[in-house]
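Chemist:
Number of protein chains: 2
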Amino acid sequence: MKISPLAPASVPALPPVAGIRLATAVCNIRYKDRPDVLLIEMAEGTQVAGVFTESLVTAAPVDWCREILAQGQGRALVVNAGNANAFTGQGGIESVARVVKATAATLKCNPEQIFVASTGVIGEPLPDAKITDALPALQSALSETKWDDAARAIMTTDTFMKVVTKTAHIGDTQVTINGIAKGSGMIAPNMATLLAFVFTDARIPAPVLQHLLSDANESSFNSITVDGDTSTNDTLLAFATGQAIHAEVKSLQDAHLQAFKKAFQDILTDLAIQVVKDGEGAQKFITIEVHGAENNQAAHTIALTVANSPLVKTAIAGEDANWGRIVGAVGRAGEHVDKDKIHVSIGSVVVAKDGARVEGYDEAPVAAHMKGQNIDILLNLGIGKGRAKVYTCDLTHGYIDINGSYRS
Amino acid sequence: MKISPLAPASVPALPPVAGIRLATAVCNIRYKDRPDVLLIEMAEGTQVAGVFTESLVTAAPVDWCREILAQGQGRALVVNAGNANAFTGQGGIESVARVVKATAATLKCNPEQIFVASTGVIGEPLPDAKITDALPALQSALSETKWDDAARAIMTTDTFMKVVTKTAHIGDTQVTINGIAKGSGMIAPNMATLLAFVFTDARIPAPVLQHLLSDANESSFNSITVDGDTSTNDTLLAFATGQAIHAEVKSLQDAHLQAFKKAFQDILTDLAIQVVKDGEGAQKFITIEVHGAENNQAAHTIALTVANSPLVKTAIAGEDANWGRIVGAVGRAGEHVDKDKIHVSIGSVVVAKDGARVEGYDEAPVAAHMKGQNIDILLNLGIGKGRAKVYTCDLTHGYIDINGSYRS
Numbered sequence: 001m002k003i004s005p006l007a008p009a010s011v012p013a014l015p016p017v018a019g020i021r022l023a024t025a026v027c028n029i030r031y032k033d034r035p036d037v038l039l040i041e042m043a044e045g046t047q048v049a050g051v052f053t054e055s056l057v058t059a060a061p062v063d064w065c066r067e068i069l070a071q072g073q074g075r076a077l078v079v080n081a082g083n084a085n086a087f088t089g090q091g092g093i094e095s096v097a098r099v100v101k102a103t104a105a106t107l108k109c110n111p112e113q114i115f116v117a118s119t120g121v122i123g124e125p126l127p128d129a130k131i132t133d134a135l136p137a138l139q140s141a142l143s144e145t146k147w148d149d150a151a152r153a154i155m156t157t158d159t160f161m162k163v164v165t166k167t168a169h170i171g172d173t174q175v176t177i178n179g180i181a182k183g184s185g186m187i188a189p190n191m192a193t194l195l196a197f198v199f200t201d202a203r204i205p206a207p208v209l210q211h212l213l214s215d216a217n218e219s220s221f222n223s224i225t226v227d228g229d230t231s232t233n234d235t236l237l238a239f240a241t242g243q244a245i246h247a248e249v250k251s252l253q254d255a256h257l258q259a260f261k262k263a264f265q266d267i268l269t270d271l272a273i274q275v276v277k278d279g280e281g282a283q284k285f286i287t288i289e290v291h292g293a294e295n296n297q298a299a300h301t302i303a304l305t306v307a308n309s310p311l312v313k314t315a316i317a318g319e320d321a322n323w324g325r326i327v328g329a330v331g332r333a334g335e336h337v338d339k340d341k342i343h344v345s346i347g348s349v350v351v352a353k354d355g356a357r358v359e360g361y362d363e364a365p366v367a368a369h370m371k372g373q374n375i376d377i378l379l380n381l382g383i384g385k386g387r388a389k390v391y392t393c394d395l396t397h398g399y400i401d402i403n404g405s406y407r408s
Numbered sequence: 409m410k411i412s413p414l415a416p417a418s419v420p421a422l423p424p425v426a427g428i429r430l431a432t433a434v435c436n437i438r439y440k441d442r443p444d445v446l447l448i449e450m451a452e453g454t455q456v457a458g459v460f461t462e463s464l465v466t467a468a469p470v471d472w473c474r475e476i477l478a479q480g481q482g483r484a485l486v487v488n489a490g491n492a493n494a495f496t497g498q499g500g501i502e503s504v505a506r507v508v509k510a511t512a513a514t515l516k517c518n519p520e521q522i523f524v525a526s527t528g529v530i531g532e533p534l535p536d537a538k539i540t541d542a543l544p545a546l547q548s549a550l551s552e553t554k555w556d557d558a559a560r561a562i563m564t565t566d567t568f569m570k571v572v573t574k575t576a577h578i579g580d581t582q583v584t585i586n587g588i589a590k591g592s593g594m595i596a597p598n599m600a601t602l603l604a605f606v607f608t609d610a611r612i613p614a615p616v617l618q619h620l621l622s623d624a625n626e627s628s629f630n631s632i633t634v635d636g637d638t639s640t641n642d643t644l645l646a647f648a649t650g651q652a653i654h655a656e657v658k659s660l661q662d663a664h665l666q667a668f669k670k671a672f673q674d675i676l677t678d679l680a681i682q683v684v685k686d687g688e689g690a691q692k693f694i695t696i697e698v699h700g701a702e703n704n705q706a707a708h709t710i711a712l713t714v715a716n717s718p719l720v721k722t723a724i725a726g727e728d729a730n731w732g733r734i735v736g737a738v739g740r741a742g743e744h745v746d747k748d749k750i751h752v753s754i755g756s757v758v759v760a761k762d763g764a765r766v767e768g769y770d771e772a773p774v775a776a777h778m779k780g781q782n783i784d785i786l787l788n789l790g791i792g793k794g795r796a797k798v799y800t801c802d803l804t805h806g807y808i809d810i811n812g813s814y815r816s
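Going line by line, the protein sequences match chains L and S.
With the first letter of the first sequence counted as 1, position 36 gets the number 36 in our numbering; the numbers rise by one all the way through.
Whatever position you read off the second sequence (first residue = 1), add 408 for our numbering.
Spelled out as structure tokens, the structure:
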């Protein structure tokens, strides 16, 4: 698999996060001879927050994580690539139960604190014995440094590993936040899903962590799309080990939490953008901003409708400044618009305003912008104050290659 | 442009419809040296019904047709290909007004009875003088027989002309229904839109015709999708010239109208299926049926979500029996489903039931079905009596070729 042309030029080295140890194993669940199972162990007392797919056809591991999230603590995370354990009925539930039970026994902790995630083919039984058999070896291999191995073990159709790290101060104490993610289509071919995991040594109570994660998710993972196909397995989990010694955090509004909050948001946005930049077949990274909508939600819906339009995405793939398709998508988004007030800019060139192409429109600078790797579209609807920004990629032959011939 | 592999093997010869005369002209609006403007003249007293795009960014000709539809009569229809006259502001409104005024003067009739439709690039001013200049020649050329010419003149990215004809009895009188359509993407590249026009010599009052058209539209044009991109210009018009002598029609429930009603529905379904079979890049024709939904509307939404899923469409293009993507799409449709009650059949093979793959699943017969040109998917949700059937095509390299490189 060729690496995405949008892949980051350099990859940060992830430092240890106090209270986190990681190990990977080659279990041959679907892929052969590459690490495909990840075990992460967390210190006692680690606080957990989570956000999951809005699909109603949820995978068994998603159902399990949702169920145990309320107790707020985590001691381990087990992830496999190659099989989604989705649409697997009672058998899938039992697979999760066996993995959880065996992991709890291995690590000597409460099963209700074992989180699991799966990504891969939908509808095939998970060969869970391959995971449970590997647990002793995984336990012996646990180390504070294996962040890159972890990010690679969860990849499916991803062409590059997705990692990010930042530090922030809470009061006088420096804390670390590491994040890893995988994802390339929302559900990609047989094998993909959005999984993202964030780890910090900060001491953040689970309810505050949950609030922080839910907020940050809106403008990051909920603001990206590759193909509009929400996965059965989308899972975003945050773990705060509480190993750092700092002023107590009581609420998201605490003044001393603001730098951390900003860093945490940046971590999620960075990972989300990496996922788009590894979108299946992506050649161009597209930012779509909507201003002047009736409200923020309307702006978000319109921006996503443009971002998911096959005609907009293929035009961009063809470097065609075909802005008519953009307004076409705006019109079908189902949100209030007044066609005679719409302004469209591409790059920083105003293409259309007040419902028609600008007088003396010169396509040359817009055509030049379309040849670049980063495409910026700004729509001003002129009817309110709602705003949104979403990220997507173009729709290319590569997408068809990856998704139209994977298993055949 | 290569003809779609799904094109009908033979094309019916359309007979005259009493009260209808047609002519086409080469106006070089965008295409060069091919007929691109169509004039259809209708007998005095012709009753009209219409259904238009649900987009809020409607083209100027759509706004005009909506405005005049209430008076219920039509004397002419003017259609151009190559320019959609959409997102053209006040200039676009004035273009329509000039075409309407000149056509009314040429045919000596009420401007409020002149219907117009455009299809093509969005956002470019319509060179309407090219149309009005051609009106005298169009008038001289009017003939009862030029149905094929008419169907060809409105084509954009279409690879074959779309025509259909049927007869039906109203009482003892045989009446004729002819239909023509164009469309290849919902909005295709620069140049496409769904336009469909149906003509009959039956004597059907406009309110009854409207009811008939709106009903028939639901299970035909509202049940197809190529790429989910609803056009700014979608226009479906029905004209009943009333030249046939038959028992009076007072309501859609009249017993003597039932055969006509059936034929009219068949005409629309036939045209709608032709549009899908000419879907940009289409290699396979896909029928998706949903049974057992909460209600018909929910079934329709779920069927369309599956039909629009890029992952489902690319899997089918790749002849991959990847049914997990189908249930993935069901889960994100936003309608009530119980994942443990979903049954999936492909071809006539039950693949999954009660939320998991069937015991001893054998992929061979499903894989064989995927190699055919017609793909049939049946989903039973097991929670109610709602049903729907939609038609779509696969998503192939051809779609990317057509839409990613049209203007460049």
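We treat Cβ as the ideally placed atom computed from N, Cα and C, and that holds for glycine.
Here the structure is a predicted model, which is why all the values come from computation and not from measurement.
Identify, in the order they occur along the chain, each residue of the same chain with its Cβ nearer than 7 Å to the Cβ of residue 597 of chain S, setting aside the five sequence neighbours on each side.
Modeler: Taking the first residue of the second sequence as position 1, residue 597 of chain S is located at position 189. Below a pLDDT of 50, predicted positions are generally treated as unreliable, and residue 597 of chain S, at 33, falls in that range; the measurement from the model is reported next regardless. Correct list, in chain order: 565, 810, 811 and 814.
Chemist: Taking Cβ-Cβ distances below 8 Å as the criterion, which residues of the stretch 611-636 of chain S are in contact with chain L?
Modeler: Correct list: 635 and 636.
Chemist: Which partner residues does residue 475 of chain L have in the DSSP bridge list?
Modeler: Within the shown structure, residues of chain L are numbered from 1 to 408, placing residue 475 of chain L beyond reach of any answer.
Chemist: Drop a sphere of 10 angstroms on the beta-carbon of residue 224 of chain L, count the other beta-carbons inside from all chains shown, and report buried for 16 or more, exposed for fewer.
Modeler: Here the question's residue 224 of chain L lines up with position 224 in the first sequence. The residue is buried, with at least 16 neighbouring Cβ atoms inside 10 Å.
Chemist: Does the beta carbon of residue 397 of chain L sit closer than 8 Å to a beta carbon anywhere in chain S?
Modeler: The count along the first sequence starts at 1 and reaches residue 397 of chain L at position 397. For residue 397 of chain L, the answer is yes, since a Cβ of chain S falls inside 8 Å of its Cβ.
Chemist: Pull out every residue of the stretch 78-99 of chain L whose Cβ sits closer than 8 Å to any Cβ of chain S, in chain order.
Modeler: So the close ones are 84, 86, 87, 88, 89, 90, 91 and 92.
Chemist: Listing by chain order, which chain S residues have their CB less than 8 Å from the CB of residue 339 of chain L?
Modeler: What you label residue 339 of chain L is simply residue 339 of the first sequence in a count that begins at 1. The contacting residues are 464, 465, 466 and 495.
Chemist: Tell me which residue opens and which closes the beta strand (DSSP E) that residue 438 of chain L is part of.
Modeler: Coverage of chain L is limited to positions 1 through 408, which leaves residue 438 of chain L absent and any answer about it impossible.
Chemist: Give the interface partners of residue 714 of chain S over in chain L, defined as CB-CB distance under 8 Å, in chain order.
Modeler: In the second sequence, the residue the question calls residue 714 of chain S occupies position 306. None at all; the shortest Cβ gap to chain L is about 11 Å.
Chemist: Taking Cβ-Cβ distances below 9 Å as the criterion, which residues of the stretch 99-121 of chain L are in contact with chain S?
Modeler: Within the stretch 99-121 of chain L, the residues whose Cβ lies closer than 9 Å to some Cβ of chain S are 121, listed in chain order.
Chemist: Quick one: which residues of the stretch 147-177 of chain L get their C-beta closer than 8 Å to a C-beta of chain S? List them in chain order.
Modeler: The stretch 147-177 of chain L vs chain S, Cβ under 8 Å: nothing.
Chemist: Where does the unbroken alpha helix (DSSP H) through residue 261 of chain L begin, and where does it stop?
Modeler: Taking the first residue of the first sequence as 1, we reach residue 261 of chain L at position 261. 258-277 is the extent of the alpha helix (DSSP H) around residue 261 of chain L.
Chemist: Starting from the Cα of residue 817 of chain S, find the closest Cα among S:654, S:492, S:753 and S:464 and give me that residue.
Modeler: Because chain S in this structure spans residues 409 to 816, residue 817 of chain S falls outside the shown range and cannot be described.
Chemist: Do residue 536 of chain S and residue 443 of chain S have their beta-carbon atoms positioned less than 8 Å apart in this structure?
Modeler: To locate residue 443 of chain S, count along the second sequence from 1; it is residue 35. To locate residue 536 of chain S, count along the second sequence from 1; it is residue 128. Against a cut-off of 8 Å, the Cβ pair of residue 536 of chain S and residue 443 of chain S comes out as no contact.
Chemist: Which value, in whole angstroms, describes the spacing of the CA atoms of residue 624 of chain S and residue 676 of chain S?
Modeler: The residue you call residue 624 of chain S lines up with position 216 of the second sequence. The residue you call residue 676 of chain S lines up with position 268 of the second sequence. For residue 624 of chain S and residue 676 of chain S, the distance between alpha carbons rounds to 7 Å.
Chemist: Looking at the unbroken alpha helix (DSSP H) that takes in residue 300 of chain L, where does it start and where does it end?
Modeler: In the first sequence, counting from the first residue as 1, residue 300 of chain L sits at position 300. Here the alpha helix (DSSP H) through residue 300 of chain L covers 296-308.
Chemist: Tell me the residue span of the alpha helix (DSSP H) that contains residue 246 of chain L.
Modeler: By 1-based counting over the first sequence, the position of residue 246 of chain L is 246. Where residue 246 of chain L is concerned, there is no enclosing alpha helix (DSSP H), given that its DSSP letter is neither H nor E.
Chemist: Beta strand (DSSP E) containing residue 540 of chain S: first to last residue?
Modeler: For the purposes of this step, residue 540 of chain S is identified with residue 132 of the second sequence, where counting begins at 1. That residue, residue 540 of chain S, is in no beta strand (DSSP E); its alpha helix (DSSP H) goes 537-549.
Chemist: For residue 731 of chain S, go through chain L and note every residue whose CB falls closer than 7 Å to its CB, in chain order.
Modeler: Along the second sequence, one-based indexing puts residue 731 of chain S at 323. What residue 731 of chain S touches in chain L: 123.
Chemist: I think residue 75 of chain L touches residue 46 of chain L, with their Cβ atoms under 8 Å apart; what is that distance to the nearest whole Å?
Modeler: Here residue 75 of chain L is taken as the residue at index 75 of the first sequence, counted from 1. Here residue 46 of chain L is taken as the residue at index 46 of the first sequence, counted from 1. Confirmed, Cβ separation roughly 7 Å.
Chemist: For a test of the three-state rule: what should DSSP assign to residue 30 of chain L, helix, strand or coil?
Modeler: The count along the first sequence starts at 1 and reaches residue 30 of chain L at position 30. It is coil, neither helix nor strand.
Chemist: In the DSSP assignment, find the beta strand (DSSP E) that holds residue 485 of chain S and state where it starts and stops.
Modeler: Sequence index remark: in the second sequence, residue 485 of chain S carries index 77 (1-based). Unbroken beta strand (DSSP E) run through residue 485 of chain S: 484-491.
Chemist: What are the boundary residues of the beta strand (DSSP E) that residue 2 of chain L is part of?
Modeler: Reading the first sequence from its first residue, position 2 is the one you call residue 2 of chain L. Taken as a continuous stretch (DSSP letters only), residue 2 of chain L belongs to no beta strand (DSSP E), as it is neither H nor E.
Chemist: In terms of residue numbering, what span does the alpha helix (DSSP H) encompassing residue 96 of chain L cover?
Modeler: Position 96 of the first sequence, counting from 1, holds the residue named residue 96 of chain L. Residue 96 of chain L -> alpha helix (DSSP H) spans 89-107.
Chemist: Assign residue 362 of chain L to one of two classes, buried (16 or more other C-beta atoms within 10 Å of its C-beta) or exposed (fewer than that).
Modeler: Reading the first sequence from its first residue, position 362 is the one you call residue 362 of chain L. Exposed.
Chemist: As a quick exercise: from S:656, S:582 and S:642, pick the residue whose alpha carbon is nearest that of residue 616 of chain S.
Modeler: Numbered from 1 along the second sequence, position 208 holds the residue referred to as residue 616 of chain S. Residue 616 of chain S has its Cα closest to that of S:656, out of S:656, S:582 and S:642.
Chemist: Compare the C-beta of residue 640 of chain S with all C-beta atoms of chain L and state if any pair is closer than 8 Å.
Modeler: For this step, residue 640 of chain S is matched to residue 232 along the second sequence. Answer yes: the Cβ-Cβ gap between residue 640 of chain S and chain L drops below 8 Å somewhere.
Chemist: Just checking: is the beta-carbon of residue 792 of chain S within a distance shorter than 8 Å of some beta-carbon in chain L?
Modeler: Your numbering for residue 792 of chain S matches position 384 in the second sequence. It does not; no Cβ of chain L falls within 8 Å.
Chemist: Whole angstroms is fine: what's the gap from residue 575 of chain S's alpha carbon to residue 649 of chain S's?
Modeler: The residue given as residue 575 of chain S occupies position 167 in the second sequence. The residue given as residue 649 of chain S occupies position 241 in the second sequence. Each residue's alpha carbon lies about 15 Å from the other.
Chemist: Just verifying my parser: in three-state terms, what is the DSSP assignment at residue 415 of chain L?
Modeler: Missing from the structure shown is residue 415 of chain L; chain L here goes from 1 to 408 and no further.
Chemist: What does a CB cutoff of less than 8 Å around residue 459 of chain L pick up in its chain, not counting 5 residues either side in sequence?
Modeler: Since the first residue of chain L shown is 1 and the last is 408, residue 459 of chain L is not available in this structure.
Chemist: Taking a cut of 7 Å between CB atoms, which residues from the stretch 672-684 of chain S lie near chain L?
Modeler: So the list is empty, because no residue satisfies the distance condition.
Chemist: Just to confirm before moving on: does the CB-CB distance between residue 293 of chain L and residue 383 of chain L stay below 8 Å?
Modeler: Within the first sequence, the letter at position 293 stands for residue 293 of chain L. Within the first sequence, the letter at position 383 stands for residue 383 of chain L. For residue 293 of chain L and residue 383 of chain L, yes; Cβs fall inside 8 Å.
Chemist: So, are the CB atoms of residue 643 of chain S and residue 470 of chain S less than 8 Å apart?
Modeler: Reading the second sequence from its first residue, position 235 is the one you call residue 643 of chain S. Reading the second sequence from its first residue, position 62 is the one you call residue 470 of chain S. Closer than 8 Å, so yes.
Chemist: With H, G and I counted as helix, E and B as strand and the rest as coil, what does DSSP make of residue 730 of chain S?
Modeler: Indexing the second sequence from 1 puts residue 730 of chain S at position 322. Of the three classes helix, strand and coil, the one that applies to residue 730 of chain S here is coil, per DSSP.
Chemist: What are the boundary residues of the alpha helix (DSSP H) that residue 388 of chain L is part of?
Modeler: If you number the first sequence from 1, residue 388 of chain L lands on position 388. Where residue 388 of chain L is concerned, there is no enclosing alpha helix (DSSP H), although the beta strand (DSSP E) it sits in stretches over 386-393.
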